[in-house]
Amino acid sequence: MKISVLGATGAMGGYVIKAALQEGYAIENKVSSKDDIANLFEDTDAIIDFSCPIATESMLRYVIENTKDVPLIIGTTGLSKMHIELMKKCASIVPVFSAPNMSFLIAIINMAVYAMAKLLDEDYDVEILDVHHKLKKDAPSGTARMFGKTVAKARGRKFDEVANFVRYGIIEQRKRGEIGFAVQRCSNVIGSHEVSFMGEFENIKIKHEAHSKEIFAKGAVQAAKWILTQPKGFYTMNDFTKDLMVPMVKSLYKDFFTRRLDSE
Ligand SMILES: NC(=O)c1ccc[n+]([C@@H]2O[C@H](COP(=O)([O-])OP(=O)(O)OC[C@H]3O[C@@H](n4cnc5c(N)ncnc54)[C@H](OP(=O)(O)O)[C@@H]3O)[C@@H](O)[C@H]2O)c1
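Each residue of the sequence shown is one higher than the one before, starting from 174 at the first, in the numbering used here.
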């Protein structure tokens, strides 16, 4: 497989190149801020993008304007509704995979968050904390927002109506169902996320800590391999993990509930 990388000179771009070479793939084009976006599309099987929103927008517009049939794997975060609309337009031409977090463990945790939000009612206050290095440009992180959207979806709520991103000065009392976000930007933290379900008498906290950006690059390369088997359309991490995870979870809980007491 031949891969093009948008954001090739960046931290993530470097790890993507390393991960792709380890898989035996060729790096066909490396594009960053000084290059023509058209170079991305030369003789390649898939494009992996870890850049910035403005570069992602250029790539998406190029696909739409030139009907370029190259699958896109988009890891860039801080994207707006405008980007989502552009991605949907591209998805009528090519397979488009977008994930604010390409870690497989984060995908598993996202499923756990969904289950918790389904099992626990809104008596449990949900708070989401993300901690990242001081150079990160967007806040809260795309992953924190993804967890918030998962909770809102599980509870049948509209995310924009229950998300609270700002608490400063004299603030209103917490509303039932509110999802609070807190952000820390410090030092060289790769990425840490914590989703808390805070009840009156007990709490549950689900936490993930990334130790290396390599996990995201490896996930993106795996997604590139997978997306080549998919028709045009818009895909997220859920689609990627669904086939693998759903049968696994079903069999896991079958064993859990049928286990006999004397075998424990
Ligand atoms: N989805 C995930 O799992 C995941 C994980 C980690 C990070 N991310 C996201 O990935 C993105 C990149 O992160 P990073 O740490 O690699 O950032 P970075 O080190 O700052 O790299 C940014 C890259 O984007 C390029 N770029 C900037 N402006 C451009 C433009 N106008 N046109 C083309 N290329 C441009 C830069 O090129 P120059 O060197 O020429 O400026 C550089 O190669 C961020 O949005 C980050 O939040 C996502």
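Ideal Cβ placement from N, Cα and C applies to all residues, glycine included. None of these values were measured; they are calculated from a predicted model.
Would you call residue i buried or exposed, if buried means 16 or more other Cβ atoms sit within 10 Å of its Cβ?
i: Lys391; result: buried
i: Ala211; result: exposed
i: Arg318; result: buried
i: Leu292; result: exposed
i: Phe374; result: exposed
i: Gly197; result: exposed
i: Val394; result: buried
i: Asn283; result: buried
i: Leu308; result: exposed
i: Val419; result: exposed
i: Pro313; result: buried
i: Asn239; result: exposed
i: Val339; result: exposed
i: Leu245; result: buried
Closer than 7 Å by C-beta to residue i: which residues in its own chain qualify, once you throw out the five before and the five after it? Chain order, please.
i: Arg328; result: Ala290, Glu295, Gly350
i: Tyr297; result: Phe370, Met371, Gly372
i: Leu213; result: Ser177, Leu179, Asn202, Val204, Ile220, Met232
i: Trp399; result: Phe413
i: Met185; result: Phe223, Gly248, Lys386, Phe389, Ala390
Give me, in chain order, the residues of the same chain whose beta-carbon lies closer than 6 Å to that of residue i; leave out the 5 immediate sequence neighbours on both sides.
i: Glu300; result: Gly353, Ser369
i: Ile377; result: Phe370
i: Val362; result: Val304, His305, His306
i: Leu252; result: Pro226
For residue i, collect the residues of the same chain with a Cβ closer than 8 Å to its Cβ; drop the 5 residues on either side in sequence, then sort them by chain order.
i: Gln357; result: Leu302, Asp303, Val304, His305
i: Lys191; result: Glu387, Ala390
i: Ile266; result: Val236, Ile237, Thr240, Lys241, Asp242, Lys405
Assuming residue i contacts residue j under a Cβ cut-off of 8 Å, what Cβ separation, rounded to an integer in Å, is found between them?
i: Val324; j: Val286; result: 6 Å
i: Thr182; j: Asn202; result: Not quite, the Cβ-Cβ distance comes to about 13 Å (not below 8 Å), so this is no contact.
i: Ile247; j: Val269; result: 7 Å
i: Thr409; j: Ala272; result: 6 Å
i: Ala228; j: Gly187; result: Actually they do not touch by this definition, with Cβ atoms about 16 Å apart.
i: Leu233; j: Met260; result: 6 Å
i: Ala383; j: Gly364; result: 4 Å
Looking at residue i and ligand 3, is the gap between the Cβ and the nearest heavy atom below 6 Å?
i: Ile246; result: Looking at this structure, you won't find ligand 3 anywhere; what it does contain is ligand 1.
What are the start and end residues of the beta strand (DSSP E) that includes residue i?
i: Asn376; result: 376-383
i: Asp222; result: 219-222
i: Ser369; result: 364-371
i: Gln357; result: 352-358
i: Gly406; result: 406-408
i: Ala199; result: 199-204
i: Val269; result: 268-271
i: Leu245; result: 245-247
Can you tell me where the alpha helix (DSSP H) with residue i in it begins and where it stops?
i: Phe332; result: 332-335
i: Ser177; result: Element bounds for Ser177: not the alpha helix (DSSP H) but the beta strand (DSSP E), 175-179.
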